[in-house]
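Q: Quick note: to get the working numbering, add 305 to the position in the sequence shown (first position is 1).
By construction, the Cβ of each residue, glycine as well, lies at the ideal position given by its N, Cα and C atoms.
Just so we're clear, the structure is a prediction, and the values are computed from it rather than from any experiment.
Please see the structure below; I have some questions.
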Amino acid sequence: MMATAKMQACLFDLDGVLVDTAQYHYLAWRTLANALGFDISPEQNEQLKGVSRMESLDRILAWGNVSLPDRARTELAERKNEHYVKLVSQMPTDAVLPGAIALLDALRAAGVRTALGSASKNAELILRNCGLDRYMDAVVDGNRVTKSKPDPEVFLRGAQELHVPPQFCVVFEDAMAGIVAAKRAGMKAVGVGNPADLQQADWVVPDLTAVTFGKLQQLFNRT
């Protein structure tokens, strides 16, 4: 009888999976766009999920038909980040999404290693503010990778730091780019959100309250 594969690690995206910071990103990007003379919609903001800061800026500038030299783009990205950091520094403790703490506690109790894999360059600040830093065995964020999702670099580096082969890892993501990155890394992928937006995921849940250790382990029993 073939042995059942065992889940050894879980890697989490940050925004929209563990914490609700999407509103702060939107507010900061929208303020920047307004200062440049145009607006961005919530639907456009959805297209920025899992995307690096500079790539997000480039998309926004393209939506506004604005062309700027590199130095000006860098200054705008820094201005947006300053506004965003100010907002998240004041965010309430209930910014942690439902089910996150319970799942992280269950994984800890089962001996499953955990890591963050996020494009955010403010990930460690947010984790500390929300009290989630104590759950992470490794943090791989936008300061430590050179390629954005859907490139698998962030998750492969996370698995490497956890000393766990990719095939024994599960990734939690709320963006299609992150799901694709997880699959390219050779990992199982749990989508958090709308199934229509996360079609390549192995399993899609509305939020982390639907996730149990037993159901996660079942992912490795599927052929």
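Quick check on the burial criterion: 16 or more other C-beta atoms within 10 angstroms. Buried or exposed for ASN370?
A: Residue environment analysis places ASN370 among the exposed positions, since fewer than 16 neighbouring C-beta atoms fall within 10 angstroms of its C-beta.
Q: If you check the beta carbons only, do ARG413 and TYR389 fall under 8 angstroms apart?
A: no
Q: Would you mind giving the Cβ-Cβ distance between ASN350 and TYR331, rounded to the nearest angstrom? I have them listed as a contact below 8 angstroms.
A: 5 angstroms
Q: Check each candidate in ALA333, CYS435, ALA338, LYS520 and name the one with the smallest Cα separation from LYS391.
A: ALA333
Q: By Cβ distance, which residues of its chain are closer than 8 angstroms to LYS426, with the 5 residues on each side in sequence left out?
A: ARG358, ASN386, ASP446, GLY447, ASN448
Q: Determine the closest residue to ASP479 out of GLN504, CYS435, GLU458, VAL469, with distance taken between C-alpha atoms.
A: GLN504
Q: Taking all protein chains shown into account, do 16 or more other C-beta atoms lie within 10 angstroms of the C-beta of ASN499, making it buried, or fewer, making it exposed?
A: exposed
Q: So, for SER453: in the same chain, excluding its five sequence neighbours on each side, which residues have a beta-carbon less than 7 angstroms away from its beta-carbon?
A: The beta carbon of SER453 lies closer than 7 angstroms to those of VAL356, SER357, GLU360, ALA424 in the same chain, with the five residues before and after it left out.
Q: Where does LYS520 land, buried or exposed, given buried means 16+ other C-beta within 10 angstroms?
A: Result: exposed.
Q: Please go through the same chain and pick out, in chain order, the residues whose beta-carbon is closer than 6 angstroms to the beta-carbon of LEU432, but skip the five residues on each side of it.
A: Cβ-Cβ distances below 6 angstroms link LEU432 to ASP438 in the same chain, with the five nearest sequence neighbours on each side left out; the list follows chain order.
Q: Return the chain-ordered list of same chain residues with a C-beta closer than 7 angstroms to the C-beta of ARG489, the five sequence neighbours on each side being excluded.
A: PRO455, PRO457
Q: Near LYS493, which residues of its chain fall below 6 angstroms by C-beta distance, leaving aside the five closest residues on each side in sequence?
A: VAL475, ASP507, LEU524
Q: I need the boundaries of the alpha helix (DSSP H) containing PHE525, first residue and last residue.
A: Where PHE525 is concerned, there is no enclosing alpha helix (DSSP H), given that its DSSP letter is neither H nor E.
Q: Going by CA-CA distance only, name the one from ASP320, LEU408, ILE365, GLY483 that's closest to ALA340.
A: ILE365
Q: Please report the straight-line C-alpha distance between ASP502 and ASP375, rounded to a whole angstrom.
A: Each residue's alpha carbon lies about 33 angstroms from the other.
Q: Count the other CB atoms, across all protein chains shown, that sit within 10 Å of the CB of ARG418; report buried if there are 16 or more and exposed otherwise.
A: Classification of ARG418: buried, given that the 10 Å Cβ count is 16 or more.
Q: Nearest CA to the CA of GLY483: which residue from LEU319, ALA382, MET312?
A: Of the residues LEU319, ALA382, MET312, the one whose Cα lies closest to the Cα of GLY483 is LEU319.
Q: Identify every residue that forms a DSSP beta bridge with GLU387.
A: Bridge partners of GLU387: none, in fact.
Q: Find out if the Cβ-Cβ distance for the pair PRO403, ASP512 is shorter than 8 angstroms.
A: yes
Q: Count the other CB atoms within 10 Å of the CB of ARG335; is the residue buried (16 or more) or exposed (fewer)?
A: buried
Q: ALA415: buried (16+ other C-beta within 10 angstroms of its C-beta) or exposed?
A: exposed
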